[in-house]
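Numbering (our numbering), first residue to last: 528 to 849. Where is the CB? At the ideal position from N, CA and C, for every residue including glycine.
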């Protein structure tokens, strides 16, 4: 995930790029409904943020985002966001959060960084929680197939809950919540390698997982690309987003990664994820990529996520204004 502090580091560049995206090169997808598969409510440690559900819903509406997967960090926050914009958000429970040096967790602090399994089951059954997102195995240093995660995977498989997994090795020290010197003493970037999900998927072959931040290491880690493509090939229920890659990495790295996925036959698995980066920047970049067709853009912005989330025909027609 990315924090406001991260965005402040990029304010000059983002301001220029957003202005360019909004004025010089209007996106060809301006009337296209969008599903944002990767957003966050404020962390439990920063509830003073003014990025509440109403303000977020207004921001998304301006960009024609009709649905967004938003992570929450406590039962209280889940109730706040569900009541704030029912129908706009699918709420995802963030887990497992790392134990910081100050003995404070950034999500579900009352239950040691994991949601209470009984509360989570009740919340899934009631519709309050519709996803597990973001699964932060690298931050916590926990393997995805750890015994402590087994009941959560089983619950997701039982109810068909989509699971967003922080993939690849980042963020580097000093970025995101790792900018906090108390954060993440057990951080292990290898836990973001998609290979660690294979055992889980073999145990629950129908589990719906989307890999987050695909391509965010660029070409620095060939193994991550190999394992990502291998998992996509072996499990048709695995999708992905390219958050951070689609915004803060050089646009050449983003285009190369996107084209690589499309050429490998996975153009129907790529979904839009913002990770709270301004959408105008992401949409502007996507609209200008020469190696991506309009049909592929529409798939990334809406169709692939609609398929992954198994949206019914009535919902899709409503999203398209029909």
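Item                                                                                                                    : Value
Inter-residue spacing [alpha-carbon to alpha-carbon] between residue 665 and residue 803                                : 20 Å
Whole-angstrom distance between residue 784 and residue 791, CA atom to CA atom                                         : 11 Å
Alpha-carbon to alpha-carbon, residue 739 and residue 663                                                               : 10 Å
Where residue 566 sits in the DSSP three-state scheme                                                                   : strand
Straight-line gap, residue 675 to residue 825 (C-alpha atoms, nearest Å)                                                : 39 Å
Length of the line joining the Cα atoms of residue 724 and residue 671                                                  : 6 Å
Three-state class that DSSP yields for residue 658 in the structure shown                                               : strand
Residue range of the unbroken beta strand (DSSP E) whose run includes residue 620                                       : 616 to 622
Distance, residue 833 Cα to residue 841 Cα                                                                              : 12 Å
Distance, residue 579 Cα to residue 565 Cα                                                                              : 16 Å
Span of the alpha helix (DSSP H), counted from its first residue to its last, around residue 788                        : 778 to 790
Proximity to residue 734 [Cα-Cα], best of 787, 711, 808 and 836                                                         : 836
Cβ-based burial, residue 747 [other Cβ within 10 Å; buried from 16]                                                     : exposed
Whole-angstrom C-beta distance between residue 596 and residue 694, which should lie under 8 Å                          : That pair is no contact at about 15 Å.
Coarse secondary structure for residue 714, derived from DSSP in three states                                           : coil
9 Å Cβ cutoff met for residue 730 and residue 667                                                                       : no
Three CB pairs or more closer than 8 Å across the stretch 745 to 763 and the stretch 702 to 714                         : no
Reference residue 797, options 673, 805, 773 and 586, closest by Cα                                                     : 773
Where the beta strand (DSSP E) through residue 693 begins and ends                                                      : 690 to 693
Rounded separation between residue 620 and residue 600 - CA only                                                        : 6 Å
3 or more residues per run - each beta strand (DSSP E) lying fully within the stretch 726 to 778                        : 736 to 739 and 765 to 768
Cβ-heavy atom distance, residue 769 to the ligand ZN, below 8 Å                                                         : For the ligand ZN, the structure offers nothing, since it holds no ligand at all.
Euclidean distance between Cα positions of residue 822 and residue 789                                                  : 12 Å
Same chain only: Cβ atoms within 8 Å of residue 470, ignoring 5 sequence neighbours per side                            : The structure shown has nothing for residue 470, since the chain only spans 528 to 849.
Beta-carbon spacing of residue 794, residue 769 below 9 Å                                                               : no
Segment contact flag, the stretch 637 to 652 with the stretch 675 to 686, C-beta cutoff 8 Å, min 3 pairs                : yes
DSSP three-state assignment for residue 845, whether helix, strand or coil                                              : helix
Cβ pair residue 561, residue 828 closer than 9 Å                                                                        : yes
Close-in-space but distant-in-sequence residues of the same chain around residue 727 (CB under 6 Å, 5 per side omitted) : 671, 672 and 680
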